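A short write-up of the structure that comes next.
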Amino acid sequence: MRGLFITFEGIDGAGKSTHIEPMAAQLRAAGHAVHVTREPGGTPLAERLRELLLHEPMDALTEALLVFAARRDHVQQVIEPALARGDMVLCDRFTDATFAYQGAGRGFDREVLKTLESWVHAQLQPDLTFWFDLSAEQAAQRLAAARTPDRFEQQDTAFFQRVREGYRARAEAFPLRFVRIDASADRDAVGRQVFAALEDRRW
Ligand SMILES: Nc1ncnc2c1ncn2[C@@H]1O[C@H](COP(=O)(O)OP(=O)(O)OP(=O)(O)O)[C@@H](O)[C@H]1O
Ligand SMILES: [Mg+2]
14 MRGLFITFEG IDGAGKSTHI EPMAAQLRAA GHAVHVTREP GGTPLAERLR
64 ELLLHEPMDA LTEALLVFAA RRDHVQQVIE PALARGDMVL CDRFTDATFA
114 YQGAGRGFDR EVLKTLESWV HAQLQPDLTF WFDLSAEQAA QRLAAARTPD
164 RFEQQDTAFF QRVREGYRAR AEAFPLRFVR IDASADRDAV GRQVFAALED
214 RRW
């Protein structure tokens, strides 16, 4: 049987990486084979493209093309083979992030993004998407305490507000696969929301 594809989305600092490993551990304990991965990245080539995306200045089309080039490699080399084996794949960001960051954040043409999506993964969509929803201000406070900002994290609050609205639009467009998580709660409360969504599905 084909595996399940679960994605973790939300603005920088919302808590995706905090919750992905505990969720993988829970699913493994329930007997699932689980592969944890991230975007951009997840293969040696895509990780090299990630470094360029996070640190080199570039125009919006170049950025979109590199994101989808990395995704093509990742889908082909890692995600599809894992799903075909029956593994669960937990992925920290996927194409919703491209619509939120490059589309809503940078104002890049969404029709072009849809075309690139149809080239790179026309058939593949997540079975479930956790949207860690947090205000831009709260996310910035958490990140300020945590690490040196990359090229995206250096953007101003208005940029992250647009990205958040981009995620909201995606959640409204795909209500069946999106689960909104109130990421403003403390870690344990956020974790409980994530586990509850799995229990609802008996995964
Ligand atoms: N519920 C929470 N309450 C307070 N702090 C939190 C909470 N969840 C995560 N954090 C802290 O906030 C910071 C950002 O969390 P995390 O790295 O999980 O976010 P992220 O969504 O993966 O961000 P990015 O997109 O930048 O990778 C970390 O320092 C983490 O420890
Ligand atoms: Mg992270």
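14 is the number of the first residue of the sequence shown in the working numbering; add one for each residue after it. From the three backbone atoms N, C-alpha and C, an ideal C-beta is built for every residue, glycine too. Remember, it's a predicted structure, so these values are computed and weren't measured experimentally.
- The Cβ atoms of residue 187 and residue 24 lie no closer than 7 Å to each other.
- By the Cβ neighbour-count rule, residue 53 is buried, with 16 or more other Cβ atoms within 10 Å of its own.
- Partner residues in a beta bridge of residue 128, as assigned by DSSP, do not exist.
- Residue side-chain check: residue 31 places its Cβ nearer than 6 Å to a non-hydrogen atom of ligand 1.
- In the three-state reduction of the DSSP assignment, residue 191 falls in the strand class, which pools E and B.
- Ligand 1 never approaches residue 175 closely enough for any of its heavy atoms to be under 6 Å from the residue's Cβ.
- Going by DSSP, residue 172 is part of the alpha helix (DSSP H) stretching over 170-186.
- Rounded to whole angstroms, the separation of the alpha carbons of residue 98 and residue 159 is 37 Å.
- If you compare the alpha carbons of 66, 102, 189 and 26 with that of residue 157, the shortest gap goes to 26.
- Burial of residue 179 is indicated by the presence of at least 16 other C-beta atoms within 10 angstroms of its C-beta.
- Burial is judged here by how many other beta carbons sit within 10 angstroms of a residue's own beta carbon; residue 111 has at least 16 and is buried.
- Taking every protein chain shown into account, the CB of residue 139 has 16 or more other CB atoms within 10 angstroms, so this residue is buried.
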